[in-house]
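Here numbering that gives the first Met the number 0 is used: position 208 in the sequence shown is 207, and no number is missing along the way.
The C-beta atom is built at its ideal place from N, Cα and C for all residues, glycine as well.
Quantities reported herein were computed from a predicted structural model and do not represent experimental measurements.
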Amino acid sequence: MSFADRFPSGRLSYRISWRVSVLVLLMLFIASLLGYRMPWWVVGTVSVVVGGITFFVIQWIIRRQIHGLQSTLETIGESKENVINDEVALPQDELTLLLKLAHEADQRVASQMQELERMEHYRREFLGNVSHELKTPIFAIRGFAETLLDGALDDEKVRRSFVKKVLRNAHRLGNLAEDLSSVARIELGELEMDLQPLDLMELSKDVVDSLESKASKRNITLRLSMQESLPQVMADHHHISQVLSNLIDNGIKYGRDGGQIEVIARILNEPAVKVSVVDNGVGIPAEYISRLTERFFRVEPSRSSKLGGTGLGLAIVKHILSAHDSQLMIESIPGSGSTFGFSLATVDGGT
0 MSFADRFPSG RLSYRISWRV SVLVLLMLFI ASLLGYRMPW WVVGTVSVVV
50 GGITFFVIQW IIRRQIHGLQ STLETIGESK ENVINDEVAL PQDELTLLLK
100 LAHEADQRVA SQMQELERME HYRREFLGNV SHELKTPIFA IRGFAETLLD
150 GALDDEKVRR SFVKKVLRNA HRLGNLAEDL SSVARIELGE LEMDLQPLDL
200 MELSKDVVDS LESKASKRNI TLRLSMQESL PQVMADHHHI SQVLSNLIDN
250 GIKYGRDGGQ IEVIARILNE PAVKVSVVDN GVGIPAEYIS RLTERFFRVE
300 PSRSSKLGGT GLGLAIVKHI LSAHDSQLMI ESIPGSGSTF GFSLATVDGG
350 T
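Here it is as structure tokens:
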């Protein structure tokens, strides 16, 4: 039996009407005792008429409100349009307030249920992606190790090749573990920034120097193009270094052999400094750009796996920049290259 069946909206109307009718009858009876003699049938008729009028008035005034309240409470939290129509002139009384409170509670519960469903979907997807990312290098390491134990250890050439592959997959596991740790800290709200005056020119040189060897293996040229007397910015040294490293590293991984990556910094009017990492690689199709910062999203999954990417780098970059009140801006033309940019407030602008 539903809530409405147990407590029909007319029951309150009947109860109030009956009580009003009894009250009128008592008043008329008292009036007759005080000298206002009336025939009993008049007293009864007046009581019935007054009770009937009271019933229909109550039905018209509050039954709609009670019915709306019952409907809201019975289906609370469900995804539906259960909106109070402001064009209907409802009496401004306690029942109207109660109806509005029930509607607001319904909307809050529905919103929370949708958020829980979204988080559950994300959790399942995230666990599935993590499981897949872990299985690939683990199975590879196990396969190489088993092959070595089955006799390949005796062949020096095969042995060295397989050990290198084991090491490469071990590095991939380590990178994945580090990125997962960063994502966990972000999800727990533990991503804290130590904002200090930062020399972008010096930081960029350090990052470029650390990636020079990797770029040279693909004959990719790394260049710095920064304005003279570039002002210091308010930023976290470690995390902005991580952002630049990730963007340049992606350019090396997915760029053309013999290509070029340029790190550009220019002063804006905010005041702020805009940093851009520009490559002349293969570019990114327009339909994928909005998804690049999603966890584990890859434009070319098979190529990313071969290059050791975890699919978490740009998601982490997005959160780091968000903690700096900035955002990652992406522009790309397939066949011509891509530009990844962000801005940071200067020391004067950040105070």
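In this structure, G336 lies near D278, with their beta-carbon atoms less than 7 Å apart.
For A322, the uninterrupted alpha helix (DSSP H) segment begins and ends at G312 to A322.
Selection I319, A104, V346 and Y287 evaluated against I332 yields Y287 as nearest (Cα-Cα). Across the structure, K216 and M192 are spaced so that their CA atoms are roughly 34 Å apart. In summary, A183 is exposed, with fewer than 16 beta-carbon neighbours lying within 10 Å of its beta-carbon over all protein chains present. In chain order, P333 place their CB closer than 7 Å to the CB of P284, counting only its own chain and leaving out the 5 sequence neighbours on each side. Between the stretch 196-207 and the stretch 311-326, the count of Cβ pairs shorter than 8 Å is below three; the stretches do not touch. Rounded to whole angstroms, S212 and Q259 show a C-alpha spacing of 14 Å.
Burial is judged here by how many other beta carbons sit within 10 angstroms of a residue's own beta carbon; I52 has fewer than 16 and is exposed. Counting C-beta atoms within 10 angstroms of its own C-beta, R171 has 16 or more neighbours from the protein chains shown and is therefore classed as buried. According to DSSP, residue pairing for R265 in a beta bridge involves K273. CA-CA distance, L343 to H323, rounds to 7 Å. With at least 16 other beta carbons inside 10 angstroms of its own, M233 counts as buried.
A direct Cα-Cα distance of roughly 50 Å separates A139 from Q106.
Linking M200 to K252 through their CA atoms gives a straight-line distance of about 23 Å.
Here the alpha carbons of L202 and S240 stand approximately 7 Å from one another. The Cβ atoms of S275 and I266 do not sit closer than 7 Å to each other. Sequence-distant partners of P230 (beyond 5 residues in either direction) whose C-beta falls short of 8 Å from its own C-beta, in its chain, are I266, P270, V272, T345, V346 and D347.
Assignment of R222 by DSSP, reduced to helix, strand and coil, places it in the strand class. For A151, there is no enclosing alpha helix (DSSP H), as DSSP marks it with neither H nor E.
Of the other Cβ atoms in all chains shown, 16 or more fall within 10 Å of the Cβ of D248; this residue is therefore buried. Boundaries of the alpha helix (DSSP H) harbouring M200: L199 to S215, taken from the DSSP string. Here the alpha carbons of I137 and N218 stand approximately 31 Å from one another.
Separation of G173 and Q226 (C-alpha to C-alpha, rounded to the nearest whole angstrom) is 37 Å. Inclusion of G280 and R255 in the CB contact set at 7 Å is warranted, their separation being smaller than that value.
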